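Just below is one structure, and these are the notes that go with it.
Numbering (the numbering used here), first residue to last: 67 to 358.
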């Protein structure tokens, strides 16, 4: 067996089954606590699917602006936060599908810099939901070789959320499957400003000359350094504004049309399936309430 990366926990720990990790595509063996090990072993393994497009047309990097959840809930007669809870199911479905059809990277806009303008109660709920997601999805991500990363100013997040985020990033750091990237406290202007400041500091220290700043050098100082360029951007609410989207989306993003993109149609179908499932769940809950 190759060298093993060991991540220590304060709780009793046992080593994850080597065969399970190899089948999932994970490249690192970690020391997991007993509870998490059991959860990983029980987590569903994603069967590979035939990609819906020829290799030359398959997007390597898909980004989804998870917008409209609150408005959807309001239209259904629910409180806004119910829509955010429902959005987790769509996130799970999109992640699984991208992993199954060999998409290299999936970026999810989970919390933008503009979201701080929302009511404090809604912001607190979003962070509780994010923390719960990071914990609940961890076994399935590990089992399927998914590498979790994040972009944005995550230092501004609540400490308990940062702890769970960093732990999941550490546990999946060497996985070779889908790169699931969460955009947290992210804004395109902030990313450009941050990259410019890094380059300015290198120039001021004499480590870089101004005429050495090329497009590739600039890209290497972005939050997304090391990720494939963005190929497909989906905004679930149907709007077109990209104020906080990845900077590639505001430049030379290839246009994909719904009518001729099988991947896009498949992802929209998943959204519809989850909406139907959610409605049935609500109806069952309502019927149970009447019976009680």
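Each residue gets a CB set at the ideal place from its N, CA and C atoms; glycine is no exception.
Computed from a predicted model, the values in this text were never measured in an experiment.
Delimiting residues of the alpha helix (DSSP H) encompassing residue i
i: residue 280; result: Per DSSP, residue 280 belongs to no alpha helix (DSSP H) and is neither H nor E.
i: residue 202; result: 186 to 202
i: residue 104; result: 100 to 108
Cα-Cα separation, residue i to residue j
i: residue 159; j: residue 127; result: 16 Å
i: residue 183; j: residue 189; result: 9 Å
i: residue 177; j: residue 130; result: 12 Å
i: residue 225; j: residue 194; result: 12 Å
i: residue 291; j: residue 285; result: 6 Å
i: residue 119; j: residue 171; result: 16 Å
i: residue 168; j: residue 121; result: 10 Å
i: residue 106; j: residue 222; result: 30 Å
i: residue 249; j: residue 234; result: 15 Å
i: residue 208; j: residue 275; result: 42 Å
i: residue 320; j: residue 132; result: Residue placement at residue 320 cannot be trusted, given a pLDDT of 45 that sits under 50; what the coordinates show is reported in the next sentence. Approximately 20 Å between the Cα atoms of the pair.
i: residue 186; j: residue 300; result: 27 Å
i: residue 201; j: residue 230; result: 7 Å
i: residue 164; j: residue 210; result: 12 Å
i: residue 196; j: residue 227; result: 7 Å
i: residue 100; j: residue 294; result: 36 Å
i: residue 116; j: residue 103; result: 30 Å
i: residue 108; j: residue 239; result: 21 Å
i: residue 180; j: residue 218; result: 12 Å
i: residue 75; j: residue 199; result: Per-residue confidence for residue 75 stands at a pLDDT of 37, beneath the threshold of 50, marking its modelled position as unreliable; no derived number is given.
i: residue 270; j: residue 123; result: 43 Å
Expected contact under 8 Å - CB spacing of residue i and residue j to nearest Å
i: residue 288; j: residue 257; result: 6 Å
i: residue 244; j: residue 212; result: 5 Å
i: residue 220; j: residue 241; result: Contact flag wrong, Cβ pair sits at about 20 Å.
i: residue 265; j: residue 279; result: 6 Å
i: residue 125; j: residue 166; result: Rounded, the Cβ-Cβ distance is 14 Å, inconsistent with contact.
Continuous beta strand (DSSP E) stretch holding residue i: start and end
i: residue 115; result: No beta strand (DSSP E) contains residue 115, which DSSP labels as neither H nor E.
i: residue 213; result: 213 to 217
i: residue 222; result: Element bounds for residue 222: n/a, residue is neither H nor E.
i: residue 128; result: 127 to 131
i: residue 171; result: 171 to 178
Buried or exposed (CB count within 10 angstroms, at least 16 for buried), residue i
i: residue 162; result: buried
i: residue 277; result: exposed
i: residue 206; result: buried
i: residue 216; result: buried
i: residue 111; result: exposed
i: residue 174; result: buried
i: residue 204; result: buried
i: residue 237; result: buried
i: residue 156; result: buried
i: residue 254; result: buried
i: residue 272; result: exposed
i: residue 261; result: buried
i: residue 259; result: exposed
Beta carbon proximity, residue i to chain C, threshold 9 Å
i: residue 219; result: The question asks about chain C, but that chain is absent: this structure has only one protein chain.
Which parts of the stretch 240 to 301 are runs of the beta strand (DSSP E), unbroken and 3 residues or longer, counting only runs that do not cross its ends?
245 to 252, 298 to 301
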